[in-house]
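A short write-up of the structure that comes next.
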Amino acid sequence: MNIVTDSKYMIPHQSPALERGPAWLREKRRASQTEFNELPLPRRGLHLWRYTDPSGFMAIPDSADETAPSENYKLVEKLELDHLKSGNLEALVTDFGGRDIKVSRSGDDVTKGLVISSLSEAANSHAELIEKHLYSLIGGSSGKFEAMNSALWNDGIFIYVPDNVEVKKPLHLLREAGVEGSIQYPRLLVVVGKNASLTIVDEYGGGSSDFRNGQSYSNAVVEIIAEQDSRLRYISLQRQASGMQSYLTHRAQAQAGASILTIPLVFGAAISKQNFGVLLDGKGADSKMYGLLFGTSRQHLDNHTLHHHRAGMTTSDIDFKVVLRDKAMSAYTGLIRIEEDAKTCEAYQENRNLLLSDSTRAQTVPELEILNEDVSCSHGATAGPIDPMQIFQLQSRGIHEADAVRMIVSGYVQSSLKLVPEDLRERISEFVAHRLEDI
Amino acid sequence: MSDSIQKQKESLAALNEDYESKYGFSDPVDYFHKGAKGINHEVVEMITKMKKEPRWMADIRHEALDIFLSKPMPAWGDIKLINEIDFDNIYYFMKPIENQQNSWDDVPDYIKKTFDRLGIPEAEKNFLGGVSAQYESEVVYHSMKEELKEQGVLFLDMDSALREHPDIVKKYFGTIIPMTDNKFAALNTAVWSGGSFIYVPPGVQVTVPLQAYFRINAENMGQFERTLIIADKGARIHYIEGCTAPTYSTDSLHSAVVEVLALEDSNIRYTTIQNWSRNIFNLVTKRANAHARSTVEWVDGNLGSRLTMKYPCIQLLGEGARGEILSVALAGTDQHLDAGAKVIHVAPNTSSRITSKSISKGNGRASYRGLAKVHKNATGAKLAVECDALLIGEEARSDTYPTIEVDAKNVAVEHEARVSKVAEEQLFYLTSRGLTEDDARLLIVNGFMEPFTKELPLEYAVELNRLIELEMEGSIG
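Here the protein sequences line up with chains A and B, keeping their order. Using my numbering, read the first sequence as starting at 155 and increasing by one per residue. Using my numbering, read the second sequence as starting at 11 and increasing by one per residue.
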């Protein structure tokens, strides 16, 4: 398979990707194709692109991707299938290359009414729901790369929780990117009905591990609708291989009384750019985001968060933690916007950057746009090394310096992980420990 | 665009050959009486000819004009408002004294009212209203000027400095803010006129604040003023620009460039209080280079103008240099004050603090836009940013756009911002002690501004408090 990386590339009208799905979907794809072709590559001057070169994400396959899953994928899949069998999961959905979607559900203990399927099947079986919600938050007009996904996505995952249904166990989505030279456009649509509840672990892995000789690309879109009084916990884990160029856009809508907890965990890829946003659209909606990013070697990790208060009496809170070592670079930009008629809102935002090596680079741009007076709003950002006093304290108790650093960092990351399901928390703690082995 | 530049270059070449015979006039004042608006190389040549400037300055001006014409408008900030500037409808040079007189009747009522409330003397009123162009203050400041002279301090307007001390001006002009820095710095470089020039010799401590502007002489004030301040090794200086009373001008664009150089162990404080009338676009570039162990402080108050875009900058270039920026904005109805601060840590063990306070009132919009950058070699840098915003009124808007970039490890960087309205319980507490609600609110606002007012000389602080009182009158929280 060849990859086109020309920044002026246009999606041709005869592209087979545009012919997938029922008539209304083909129309949406065509509209997205037009938007894509008309939109220029984002300018570097725009603040969302100041730290990351957009041309790196311009990759389009000239034929379908047919590479096989990696060995590692099979290992994790087996691990998760074991979890499923031991009754820790509601379901395991495997998604290879944004193309092959496979749903495994726990045999006897299935939540009634819960729909988990591929988007292509759901487009027929749940046509009304899909037509109403797909593209409602992210479509062709959201941006160049969002348009790219919206036109070209192959297959995706659809999850629907009917009103008043409580899904007690987490749903695990395991997305695997293809190896060198592959491109995937994963897509996810989640609809949580009124007064329903759900936990999703959305794990992105795999991909090329050779950045120099054969990158692979991923451009993912996640749309989540949390209807009135629903509760959603969404954990996004990105642990892709070191040859990946990874792009992800997430938008969740919190309707009146809904509460959403979003946990972005960023560990992988060579170059990763993620954009997490929650739209607080109904009175009493609440959103919390507890992010954790750990960059090593020469990783380039760019994250944006948005809390958009569009209705009154809404609350939001962000705590985005960053750990960097070696020559890793993190750029965090976060926007809180409170609209003119969204009265009596509270919004908080915090970004801490822990720098473990001399050559790391940390950028932080926490932004506020407040359009009415009836608010309480604050943000804070810090960057610096571990407080030498903390290390000294531990050393004075006989702990070796490197161990002291490990202890302090693992304590620092725990606050982001306390609301993550237990088995996943253990895996994340292992990732962190692994990254501190040779400190 | 490049075509028009080419054309202007050609006309410029012609100008240099036979300027007088080609255009057939020799009295520049007459030319400007005719009301030539807009900007091109002829206007620039006119300015430099009339000021009898050396050729090198004329060359700088022409080069800067090319840069101004070729640079696009900023694509950030209040794009809608900034694109309302009609560059062709602006006078780029008017000889002071002759041309600046308005009729007192033309001065807007709100400005007259403010003068009365502040108790500004008649002569100053006329000056500030643009009715008379000069305010005689020579007598008051005569003895002070003598003293400065004895110490070897050079303090004069920029045009005179270019005539009397061309070597110093040539050495430093445009070294801190090059003409390529931004579109408006280029415009200023092309058409600058007036501004202050200060040079303080090594070790000299100037104990009284130097006040530019009408209190010294009229030429300091202008649309495109250019200020250059140099504190030599171990010197100390406090410079004050502007005043709290509103300044009325019919010109809609004010674009100044201020370059400040603090050499080793020196200490510079630059205080600005800007209160332009509400028809003015105020786009200012201010930057200071701080060398080893020096201290630079910007104290920057923004009250007036329709749109202000101003981000005083300190580049900490020498080990142990310190920078402090205190920025205040009070944005009333129909105002957008986009103010902020930049600190750039280049050398090790440098420290800086940015404090920003803003109040948005009515449908006013106050923005903090800042940059805090720590370069790779600036180990041991300490940097703290604090932004506080107060909102008064349903439609008030506040934005915070800080950018923090850290390329070194052993640094301590902190940023904090808060946005809120006047707290109900504070109001309740004060009203329960017999204050009216308006008085209570005023007291809270004055308290909020106090970190700024306490840094001002007494007369400015008193005026500022009165001005806030006036602004707050009848405001419904």
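Don't be surprised by glycine CBs; every beta carbon is placed ideally from N, CA and C.
Secondary structure of residue i, DSSP reduced to three states
| i | result |
| --- | --- |
| residue 478 of chain B | helix |
| residue 229 of chain B | Here the model assigns residue 229 of chain B a pLDDT of 36, short of 50, so the residue's position is not dependable, and the following value carries that caveat. Helix, per DSSP. |
| residue 203 of chain A | helix |
| residue 553 of chain A | coil |
| residue 242 of chain B | coil |
| residue 445 of chain B | coil |
| residue 106 of chain B | Note that residue 106 of chain B has pLDDT 45, beneath the 50 cutoff, so the model's placement of it is unreliable and the number below is only indicative. Three-state DSSP puts residue 106 of chain B in coil, outside helix and strand. |
| residue 523 of chain A | strand |
| residue 209 of chain A | helix |
| residue 566 of chain A | helix |
| residue 594 of chain A | Within the shown structure, residues of chain A are numbered from 155 to 593, placing residue 594 of chain A beyond reach of any answer. |
| residue 363 of chain A | coil |
| residue 29 of chain B | Confidence is the limiting factor: at residue 29 of chain B the pLDDT is only 40, short of 50, which leaves the residue's position unreliable and the question unanswerable from this model. |
| residue 475 of chain A | strand |
| residue 317 of chain A | coil |
| residue 584 of chain A | helix |
| residue 294 of chain A | helix |
| residue 163 of chain A | coil |
| residue 371 of chain A | strand |
| residue 249 of chain A | strand |
| residue 296 of chain B | strand |
Whole-angstrom distance between residue j and residue i, CA atom to CA atom
| i | j | result |
| --- | --- | --- |
| residue 40 of chain B | residue 193 of chain B | Interpretation of residue 40 of chain B is limited by its pLDDT of 39, a score under 50 that renders its predicted location unreliable; the figure taken from the coordinates is listed afterwards. Each residue's alpha carbon lies about 30 Å from the other. |
| residue 195 of chain B | residue 345 of chain B | 23 Å |
| residue 264 of chain B | residue 77 of chain B | 19 Å |
| residue 3 of chain B | residue 459 of chain B | Absent from the structure is residue 3 of chain B, since the part of chain B shown begins at 11 and ends at 487. |
| residue 330 of chain A | residue 340 of chain A | 10 Å |
| residue 410 of chain B | residue 334 of chain A | 42 Å |
| residue 298 of chain B | residue 365 of chain B | 17 Å |
| residue 258 of chain A | residue 389 of chain B | 53 Å |
| residue 559 of chain A | residue 273 of chain A | 45 Å |
| residue 427 of chain B | residue 377 of chain B | 12 Å |
| residue 100 of chain B | residue 397 of chain B | 35 Å |
| residue 164 of chain A | residue 568 of chain A | 45 Å |
| residue 583 of chain A | residue 564 of chain A | 7 Å |
| residue 403 of chain A | residue 192 of chain A | 20 Å |
| residue 246 of chain A | residue 240 of chain A | 12 Å |
| residue 275 of chain A | residue 304 of chain A | 17 Å |
| residue 208 of chain A | residue 388 of chain A | 27 Å |
| residue 205 of chain B | residue 234 of chain B | 8 Å |
| residue 393 of chain B | residue 535 of chain A | 11 Å |
| residue 420 of chain B | residue 508 of chain A | 10 Å |
| residue 360 of chain A | residue 251 of chain A | 9 Å |
| residue 216 of chain B | residue 177 of chain B | 23 Å |
| residue 244 of chain B | residue 321 of chain B | 27 Å |
| residue 529 of chain A | residue 90 of chain B | 26 Å |
Residue(s) in a DSSP beta bridge with residue i
| i | result |
| --- | --- |
| residue 62 of chain B | DSSP lists no partner for residue 62 of chain B. |
| residue 530 of chain A | A:500 and B:430 |
| residue 413 of chain B | B:381 |
| residue 352 of chain A | A:386 |
| residue 424 of chain B | A:536 and B:394 |
| residue 251 of chain B | B:282 |
| residue 483 of chain A | A:454 and A:515 |
| residue 509 of chain A | A:478 |
| residue 489 of chain A | A:460 and A:521 |
Closer than 8 Å, Cβ to Cβ, to anything on chain A: give me those residues from the stretch 315-335 of chain B, in chain order.
-> none
Against chain B: residues of the stretch 516-540 of chain A by CB proximity under 8 Å | 516, 517, 518, 519, 520, 521, 522, 523, 524, 525, 526, 527, 528, 529, 530, 531, 532, 533, 534, 535, 536, 537, 538 and 539
Select from the stretch 187-203 of chain B all residues with a C-beta closer than 7 Å to any C-beta belonging to chain A, and list them in chain order.
-> Within the stretch 187-203 of chain B, contact with chain A at the beta-carbon level (separation under 7 Å) is assigned to no residue.
Can you give, in chain order, each stretch of the beta strand (DSSP E) that sits fully within the stretch 390-471 of chain A and has at least 3 residues?
-> 398-408, 413-420, 425-434, 440-449 and 454-463
Taking Cβ-Cβ distances below 8 Å as the criterion, which residues of the stretch 446-465 of chain A are in contact with chain B?
-> none
Whole runs of the beta strand (DSSP E) within the stretch 328-404 of chain B, excluding any shorter than 3 residues | 332-341, 346-355, 361-371, 375-384 and 392-402
Would you list, in chain order, the members of the stretch 409-437 of chain B that have their beta-carbon closer than 8 Å to a beta-carbon of chain A?
-> 409, 410, 411, 412, 413, 414, 415, 416, 417, 418, 419, 420, 421, 422, 423, 424, 425, 426, 427, 428, 429, 430 and 431
With a floor of 4 residues, list each alpha helix (DSSP H) that falls wholly inside the stretch 159-221 of chain B, ordered by position along the chain.
-> 168-174, 176-182 and 193-201
Could you name the residues of the stretch 190-202 of chain A whose beta carbon sits closer than 9 Å to any beta carbon of chain B, in the order they occur along the chain?
-> 197, 199, 200 and 201
Please list the segments of the beta strand (DSSP E) lying wholly inside the stretch 260-285 of chain B, counting only runs of 3 or more residues, in order along the chain.
-> 267-272 and 277-284
Taking any Cβ of chain A, which residues in the stretch 80-95 of chain B have a Cβ under 9 Å from it, in chain order?
-> 85 and 86
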